[in-house]
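Report on the structure given below.
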Amino acid sequence: MEGVLHQVLSGIASGSIYASVALALVMIYQATHHVNFAQGEMATFSTYIALTLINFGIPYWIAFVLTVAVSFVIGMAIERVLMRPMMDAPVLSSVGVFVGLLLIVNACSGWFFDYTIKQFPTPFGNNPMWGGYISGHELGATGVTLVVLLAVYLFFRHTKLGLGMRAAAYNPVSARLVGINVGGMLALGWGLAAGIGAIAGMMIAPVVFLDPNMMGGILLYAFAGALLGGIDNPLGAVLGGFAVGVIENLGGAYIVGTELKLTLALVIIVAVVVVKPSGLLGRSVQSRV
Amino acid sequence: MQNERAMHGATGVKEPLSGGASFASPVSDVVAAESEATPFLPPGDSGSPADLETTARGSLGRGVWVIAAAVVVAAAVPALFFNGYHLFQLTMMVIYAIAILGLALLTGFNGQISLGHGAFYAIGAYTTAILMANWDVPYWATLPVAAVSCGIVGFLIGLPALRLGGLYLALTTFSLSVAIPQLLKYKLVSDWTGGVQGLVLDKPDAPFGLPMSGDQWLYLFTLGVGVVLFILAWNIVHGRVGRAMMAIRDHALAAEAMGINISMLKTRTFAVSAMFTGVAGALSAIAVQFVAPDSFGIFVSIFLFVGLVVGGVASIGGTILGALFVQFVPNLADSVSKAAPGAVYGALLIAVMFLMPEGAGGLILSLWRRVRR
Amino acid sequence: MPALLEARGLHAAYGETRVLHGIDFVVQEGGVSALLGANGAGKTTTLRAICGMVKTSGEIRLGGDRIDGKSADEVARRGVAHVPDGRGTFLELTVEENLRLGAYSRRDREVMADFERIFGYFPRLRERYKQQAGTLSGGEQQMLAIARALLLRPRLLLLDEPSFGLAPLIVQEIFAIMRRIREDERVSILLVEQNASLALDFAEHAYLLETGRIVVSGPAADIQKDESVRRSYLGY
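Chains as they are written, first to last, in the working numbering: chain A, 1 to 289; chain B, 1001 to 1373; chain C, 2001 to 2236.
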């Protein structure tokens, strides 16, 4: 029983990372109906920026904030330069551009910061907490991501800008007619997604160590989470991310063994896509016209 | 989204003229479908569909065959002059061309986007390696087995793929290729696959006492397999089946109305596509004499995709250009930096998407047609 | 009486398909103009042209300033509220959020007071306040669309077939409310309608469009009386 509790807690801890990345994916999907295959690589690159800042001697939390800000700007720039012309492109073109972006960002990580595996500091320490059920870093990282997720939720629910972003995502034509700058909202969404990804990267790096391919597997879990919850439903994607974390840990410990964790994510993806492509919480709007 | 569609729908009903977009598009789709039924014609080329048809079948068709024959003869020549590493590179290029050809059948001609063909490449390679290393099966006899096993897996993956729109399929196949190395390492199969260590194979010698080195023989053997597969693909694409494949890609509803069994054809295309790429993987195992899980990660799939896009997604000849690119650009770029190949691939991929969506193959062929006028 | 909206030589096209071939029309300050015509005459396109949703050439002036070539959101911020065909409801959002979006481009602090005034016209929206807009009936969605447009505090209101797809009783209700709005609010209206008699009753001035050209224009009352126009163009 204690084993199970331990697995559930570390499942929630890693699930919080998947939830963040899944949220970033869904935000972009909702607004553009594109899947950002480069989301993981962008987060990795951001994490390198953080490490560079920390190595300059900048205190951790200042580096943290700076990294989020820089990532936000990079995300907006990518939207402006690459995605704007792709707005109505066929799926193949958009997939091509995102894969190209993945390759370029991955190469940049290797080019600027080399391919050796690096340690990444944690501000929370690694002492066991709560009688050894969870490490200090796991607890801290989960706390940080929960705060971020809550902040994002409140932003979208209760601010005018958040409402404008949702309106632009749901119905760009009508959004323009009420005076919303839809292009600006998309850029903002990309910035937010990049910022959220950066936080996920900084929180997972102390656990898995930093190298240019760090987020490859995590992106897969995030896909699984996003699909499980519903790829057009941010709340669903977040819950899906947590669920995948717990399933992954329990499954890895008791069913398939740790060597097949990624395959477990693949199985979830295929299962959702075949059984219920809209996801468990994917909303279907009934319109009576 | 729904709302927007409702708006457009309403426009179409209320004002046929103002709904120009929705009314014109089916027409232009049909034109596009017809012109793309002959993939060597750039869309937007003038002339009626019937006109395009005869050109493709007649003069252009013959011209292409002559060129193809010349290319095959020219391709065999290096076997006489090169040896060792350079010949190995050429062998790999032919292998990539076959792998990309498989992807082209699926993505280019049938419109199903796969970011996971590295998985079939891996399955083909491992089938051959396991048969050769564990049961001493001769290398040539492993190819049909690899083809069949990949065909079966391809068919099975093609089944759920039926229900997936373009993006979901891309996402699922992407996930497949991320997960595949882990599957190959799995301890229950490691007795066969050699686990993390992989399997080492012997290089085949030239048969019948032919006076050539193993490398030279392997190159010619690979080239021979490649020629057979290219002719096969050419016939598929230019036959009735190919027309149906492209009809599904361009206008699924119209294709269904024409009596095409969409799901049957899509799963079969998936199977055939996987067979092609699987045979390429099998050949690569023989040529490299080694398989290991980590050489079949997501990047194999991505490189195949890059090769496909660079050559032109719906162009059989373009796959050779794509293979040339995938094989030799990294070598050139690698001398600059370890990161350079990825950067070059990525930049090129984006550039192609923006500047010439028909790929290099499409570009060259439209130039070729202009010259022939 | 000064013209609030004035179009001169307005052309519009979707890609290669030309829809408007140089039309002129005005909406007076505080007045109501109607655009009539058959399917495909270009009525909806005219509204879209005003809002920068299609490619145009020619002049469009709002209160004397050129607005042709401006983006849709810019035109909205200048005080043009467009209730598009299909109503443009944000189906996934609640009624409240839809209304808030109506006031999105406003900077003043009187939005809440306006909410109250608008519930005076549409009490049903108050009942549905927290409900998802996609669950409203067609008539309620039309009311929501008009309410959303009014919350912009527009100088000019563009209405695209408010009667479309609604039962006659609901249409009557909506037009009754529209009359009250016309009297109480200082807003000019450009109305597109298929139902010509309804529109001519409501408007002061009317333009009759046929395949992208204005064939008849004049005071609504005169057009209503002109039997030949009624018979050849309006079919009643």
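Idealized CB from N, CA, C, for every residue including glycine.
Asked: Proximity of residue 240 (chain A) and residue 217 (chain A) at Cβ, strictly below 7 Å; Found: no
Asked: Whole-Å CB distance - residue 2005 (chain C) paired with residue 2190 (chain C), under 8 Å assumed; Found: 7 Å
Asked: N- and C-terminal bounds of the beta strand (DSSP E) containing residue 2033 (chain C); Found: 2032-2037
Asked: Below-7 Å beta-carbon distance, residue 80 (chain A) vs any chain C residue; Found: no
Asked: CB contact below 7 Å: residue 1179 (chain B) versus chain A; Found: yes
Asked: Member of A:46, A:69, A:119 and A:203 whose CA lies at the smallest distance from the CA of residue 112 (chain A); Found: A:46
Asked: The stretch 1317-1330 of chain B in contact with the stretch 1090-1100 of chain B per 3-pair CB rule at 8 Å; Found: yes
Asked: Reference residue 2082 (chain C), options C:2186, C:2202 and C:2161, closest by Cα; Found: C:2161
Asked: Listed by chain order, chain B residues near residue 297 (chain A) by CB distance under 7 Å; Found: The structure shown has nothing for residue 297 (chain A), since chain A only spans 1 to 289.
Asked: Closer than 7 Å to chain A by CB, residue 1355 (chain B); Found: no
Asked: Bounding residues of the alpha helix (DSSP H) (the contiguous stretch that carries residue 2018 (chain C)); Found: Where residue 2018 (chain C) is concerned, there is no enclosing alpha helix (DSSP H), although the beta strand (DSSP E) it sits in stretches over 2017-2028.
Asked: Where residue 106 (chain A) meets chain B, residues with beta-carbon distance less than 7 Å; Found: 1342
Asked: Spatially closest choice to residue 1220 (chain B) from B:1090, B:1280, B:1268 and B:1234, by CA coordinates; Found: B:1090
Asked: Sequence-distant residues of the same chain with beta carbon closer than 6 Å to residue 2237 (chain C), five excluded per side; Found: As displayed, chain C neither begins before 2001 nor continues past 2236, which places residue 2237 (chain C) out of reach and without an answer.
Asked: Touching by the beta-carbon criterion (3+ pairs, under 8 Å), the stretch 2032-2042 of chain C and the stretch 2176-2195 of chain C; Found: yes
Asked: Cβ neighbour criterion (16 or more within 10 Å) applied to residue 1208 (chain B); Found: exposed
Asked: Burial state of residue 27 (chain A) (16 or more Cβ within 10 Å); Found: buried
Asked: Partners in chain B for residue 115 (chain A), counting only beta-carbon separations shorter than 7 Å; Found: 1338
Asked: Cα-Cα separation, residue 84 (chain A) to residue 1174 (chain B); Found: 24 Å
Asked: Sequence-distant residues of its chain with Cβ nearer than 7 Å to residue 201 (chain A) (five each side left out); Found: 43, 44, 46, 47 and 215
Asked: Near-chain A residues of the stretch 2136-2152 of chain C - C-beta to any C-beta below 8 Å; Found: 2136, 2137, 2138, 2141, 2148 and 2152
Asked: Span of the alpha helix (DSSP H) around residue 2045 (chain C); Found: 2043-2050
Asked: C-alpha distance - residue 1022 (chain B) paired with residue 2172 (chain C), whole-angstrom precision; Found: Per-residue confidence for residue 1022 (chain B) stands at a pLDDT of 33, beneath the threshold of 50, marking its modelled position as unreliable; the derived number appears in the next sentence. Answer to the nearest angstrom: the Cα atoms are 32 Å apart.
Asked: Which listed residue (B:1353, B:1280, B:1125 and B:1238) has its alpha carbon closest to that of residue 1312 (chain B); Found: B:1353
Asked: Neighbourhood of residue 2028 (chain C) by C-beta distance below 8 Å, restricted to the same chain and skipping five residues each side; Found: 2001, 2002, 2003, 2004, 2188, 2204 and 2205
Asked: Between the CA atoms of residue 92 (chain A) and residue 34 (chain A) - distance to the nearest angstrom; Found: 11 Å
Asked: DSSP-derived helix/strand/coil call for residue 2238 (chain C); Found: No answer is possible for residue 2238 (chain C): it lies beyond the span of chain C, which begins at 2001 and ends at 2236.
Asked: Beta bridge counterpart(s) of residue 2218 (chain C) as assigned by DSSP; Found: C:2206
Asked: Cβ of residue 2076 (chain C) within 7 Å of any chain A Cβ; Found: yes
Asked: 7 Å Cβ cutoff, residue 176 (chain A) in contact with chain C; Found: yes
Asked: Residue 2012 (chain C) at chain A interface by Cβ criterion, 7 Å; Found: no
Asked: Residue 234 (chain A): contacting residues in chain B (beta-carbon distance under 9 Å); Found: In chain order: nothing, as chain B lies at least about 16 Å away.
Asked: Contacts around residue 20 (chain A), its chain only, beta-carbon distance under 6 Å, and the 5 residues preceding and following it disregarded; Found: 145, 196 and 200
Asked: 7 Å Cβ cutoff, residue 1205 (chain B) in contact with chain A; Found: no
Asked: Cβ contact (3+ pairs, closer than 8 Å) linking the stretch 2117-2134 of chain C and the stretch 2066-2085 of chain C; Found: no
Asked: Close beta carbons around residue 1271 (chain B), own chain, < 7 Å, minus the five adjacent residues each side; Found: 1151, 1154, 1155 and 1158
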